[in-house]
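Letter by letter, the sequence shown follows residues 1 to 148 in full-length UniProt numbering. What follows is one structure encoded as structure tokens, with my remarks underneath.
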Amino acid sequence: MGLRSELHLDDPNNPTNWRRDRRMGAYHNRANDVSDTRAESNVLKIFLQNVTDGDGAHVLSQQESINFLAEEIGKKINDFLLKPDAAIDTHLRLSEMGLDSLTAIELRRWFRQVFGLQISVLEMMGAASLGQLGETVAWRTQEKLASR
């Protein structure tokens, strides 16, 4: 059961029955700021929308796009591992970043949701670097766009 409410807890239209309970006072004090990872995911959504609407094959073949995808994947891995946002080294292996098989399953689910791609856990863990995984995602996205 989740406790999150989309409405502010002081809003009279909020239907949650626990909002006046003293034990839930900590939720009133939490900042409602959007985290950096959510803002970055918006950048990723805009990028993918531009790729879909424009010349995706050309954009995805550029090294800048591959690096962007690798960095976004790295940010998502840090998000899964509850690590602070820091500079992403795209030359690291996923295991060096701390990714294990259970987190890789979550990453596989994220690939399916965001990119619509099926990437196996073995492919992810076998990638030589985060940059190579970004290249794989770019290549598979190109194939997906070409098949439309």
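All residues carry an ideal CB built from backbone N, CA and C; glycine is no exception.
Annotated three-state conformation of residue 132 is helix, per DSSP. For residue 113, the uninterrupted alpha helix (DSSP H) segment begins and ends at 101-114.
Within 10 angstroms of the beta-carbon of residue 7 lie fewer than 16 other beta-carbons, which makes it exposed. The criterion of a C-beta distance shorter than 9 Å is not satisfied by residue 102 and residue 111. With distances taken between CA atoms, residue 60 lies nearest to 134 out of 15, 134, 87. Excluding its 5 nearest sequence neighbours in each direction, residue 90 has C-beta neighbours in its own chain below 8 Å: 67, 70, 71, 74, 129, 130, 131, 134, listed in chain order.
Residue 43 counts as exposed, since fewer than 16 other C-beta atoms from the protein chains shown sit within 10 angstroms of its C-beta. In the structure shown, the three-state DSSP call for residue 74 is helix. An exposed status is given to residue 83, since fewer than 16 other beta-carbon atoms sit within 10 Å of its beta-carbon.
When rounded, the separation of the alpha-carbon atoms in residue 125 and residue 97 is 11 Å.
Of the candidates 54, 104, 138, 104 places its Cα closest to the Cα of residue 123. Residue 81 and residue 127 have their C-alpha atoms spaced approximately 19 Å apart. Put simply, the backbone Cα of residue 15 is about 15 Å away from that of residue 24. Between the beta-carbon of residue 107 and that of residue 77 there is about 7 Å, and that keeps the pair under the 8 Å contact cut.
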